[in-house]
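First residue of the sequence shown? That's 0 in numbering that gives the first Met the number 0, and the numbers climb one at a time after it.
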Amino acid sequence: MRGLCSWVTDAGGAGFCFRRLAGLCLTLVLPLSVFAKDRSQVDTHIRLIRGLVREIAVTKVPLPRGKKGVRVDSKGNLDKATADSELSAHGMAIKPGMPVEITKIIFKSNEIILELNGGGRGGRKWYQRIEVDMGAAIAPIAQQPSVLAYGSSVTVTFPGKLPNLSVDQVKQVLGSVLDFSHHSPTTLYLPNVPPKIKEAIKNHQVIVGMDRDAVLSSKGPPDRRVREVRDGVEQEDWIYGLPPHVLFVTFDGDSVIKVHQN
Numbered sequence: 000m001r002g003l004c005s006w007v008t009d010a011g012g013a014g015f016c017f018r019r020l021a022g023l024c025l026t027l028v029l030p031l032s033v034f035a036k037d038r039s040q041v042d043t044h045i046r047l048i049r050g051l052v053r054e055i056a057v058t059k060v061p062l063p064r065g066k067k068g069v070r071v072d073s074k075g076n077l078d079k080a081t082a083d084s085e086l087s088a089h090g091m092a093i094k095p096g097m098p099v100e101i102t103k104i105i106f107k108s109n110e111i112i113l114e115l116n117g118g119g120r121g122g123r124k125w126y127q128r129i130e131v132d133m134g135a136a137i138a139p140i141a142q143q144p145s146v147l148a149y150g151s152s153v154t155v156t157f158p159g160k161l162p163n164l165s166v167d168q169v170k171q172v173l174g175s176v177l178d179f180s181h182h183s184p185t186t187l188y189l190p191n192v193p194p195k196i197k198e199a200i201k202n203h204q205v206i207v208g209m210d211r212d213a214v215l216s217s218k219g220p221p222d223r224r225v226r227e228v229r230d231g232v233e234q235e236d237w238i239y240g241l242p243p244h245v246l247f248v249t250f251d252g253d254s255v256i257k258v259h260q261n
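Listed below in structure tokens is the structure:
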């Protein structure tokens, strides 16, 4: 007898224990199964980060300042009591109808936190933080007087641990707070937009007099941005499309001063 271990001896007299071998296999299999499980979660995180970070949406509700933002449950229901409390305590960061950019995603055991326009830290408009390589130096795309603006956040809470989700599923859950369709322009939420700009946005056109938010609502983010000094004035072009069909939108400050279609 060799305890509880079952031995097998080969023709040369060497022996090995099946139970010890099984135990060794078990110690090898368990970490692999845990790794596979963690890998699935990692893949979900990567998929959501790639599909949502830098995505632009239009806000449907007022979003508060501060670190907490607003909360929705896994079915997309807004926690209005908490939102109203945050608005009362900290004030409004982003009005309904404003384009926002998802700038960061934080994953917790049963929550996804999406920071909008830099989160609750405040600062400039999100597009003023974007920089372009000018060759000799790197400069912000928008050289304007500092504009005090604030970001916010949306927290999605799940009843259990965080499930595997697709980008479309997360967008659907966020539907009560953010509009990702790009077919619902700012004018649906902001009644003070001039009628001619409303009409242009509805037709996905850009006209002189629009500001950056209106252009984003109409055309979305540009494919390229170029800053140049023309006649002593620094201007910026937002470029849409590829040759032979290219749209150039020229800004002086925050206003469109020229629209040129090739």
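For glycine and all other residues, C-beta sits at the position ideal for the given N, C-alpha and C.
Using the C-alpha atoms, what's the distance from residue j back to residue i?
i: Gly68; j: Gln234; result: 35 Å
i: Ile200; j: Met209; result: 10 Å
i: Asn211; j: Pro221; result: Residue identity differs from the one stated: residue 211 is Arg in this sequence, not Asn. For Arg211 and Pro221, the distance between alpha carbons rounds to 11 Å.
i: Lys74; j: Val172; result: 6 Å
i: Val169; j: Val192; result: 30 Å
i: Ser87; j: Gly240; result: 43 Å
i: Ile137; j: Asp253; result: Confidence at Ile137 is low in this model, with a pLDDT of 43, below 50, so its placement is unreliable and the value that follows should be read with caution. So the alpha carbons of these two residues sit roughly 21 Å apart.
i: Leu25; j: Pro162; result: Since pLDDT at Leu25 reaches only 36, below the 50 mark, its modelled position is unreliable, and the value read off the structure follows with that caveat. Their backbone Cα atoms lie some 27 Å apart in a straight line.
i: Thr102; j: Arg38; result: 24 Å
i: Asp72; j: Arg49; result: 23 Å
i: Pro194; j: His203; result: 14 Å
i: Pro98; j: His89; result: 21 Å
i: Glu198; j: Val41; result: 44 Å
i: Leu164; j: Val60; result: 24 Å
i: His44; j: Glu227; result: 39 Å
i: Pro158; j: Arg223; result: 42 Å
i: Lys79; j: Met91; result: 14 Å
i: Phe247; j: Asp167; result: 31 Å
i: Leu29; j: Pro243; result: Note that Leu29 has pLDDT 38, beneath the 50 cutoff, so the model's placement of it is unreliable and no number is given.
i: Gly117; j: Glu110; result: 18 Å
Who pairs with residue i in a beta bridge, going by DSSP?
i: Arg211; result: Partner(s): none; Arg211 has no beta bridge.
i: Arg49; result: DSSP output for Arg49 lists no bridge partner at all.
i: Arg226; result: Glu235
i: Arg70; result: Thr154
i: Gly240; result: Val245
i: Ile257; result: In the sequence under discussion, the amino acid at residue 257 is Lys, which differs from the Ile named in the question. DSSP, once it has assigned bridges, lists Thr249 as partnering Lys257.
i: Ile55; result: Glu100
i: Ile111; result: Phe106 and Val155
i: Ile93; result: Leu62
i: Asp325; result: Since the first residue of the chain shown is 0 and the last is 261, residue 325 is not available in this structure.
i: Leu331; result: There is simply no residue 331 to check, as the chain begins at 0 and stops at 261 in what is shown.
Pick out whichever of the options has its Cα sitting closest to the Cα of residue i.
i: Arg70; options: Asp42, Met97, Gly174 and Glu100; result: Gly174
i: Glu54; options: Pro63, Ser216, His203 and Val205; result: Ser216
i: Asp178; options: Gly219, Gln204, Pro193 and Tyr149; result: Gly219
i: Val245; options: Asp253, Lys66 and Gln260; result: Gln260
i: Gly65; options: Arg229, Thr81 and Val248; result: Thr81
i: Lys156; options: Leu77, His203 and Val166; result: Contrary to the premise, residue 156 reads as Thr rather than Lys in this sequence. Nearest of Leu77, His203 and Val166 to Thr156, Cα basis: Leu77.
i: Val232; options: Arg223, Phe106 and Asp251; result: Asp251
i: Gly119; options: Ser152, Ile111, Pro158 and Glu110; result: Ser152
i: Glu100; options: Val52, His44 and Phe247; result: Val52
i: Ala56; options: Ser180, Glu110 and Pro242; result: Ser180
So residue i and residue j are supposed to be a Cβ contact under 8 Å. How far apart are they, rounded?
i: Thr154; j: Gly96; result: So it is not a contact: roughly 22 Å between Cβ atoms.
i: Ala213; j: Ile196; result: 6 Å
Quick check: residue i and residue j, are their CB atoms within less than 7 Å of each other?
i: Val225; j: Val258; result: no
i: Gly150; j: Leu113; result: no
i: Ser108; j: Lys160; result: yes
i: Ile93; j: Leu47; result: no
i: Val207; j: Val255; result: yes
i: Asp236; j: Thr249; result: yes
I'd like to confirm something about residue i: is its beta-carbon nearer than 6 Å to some heavy atom of the ligand ATP, or not?
i: Ser165; result: As presented, the structure is devoid of all ligands, the ligand ATP included, so that no description of it is given.
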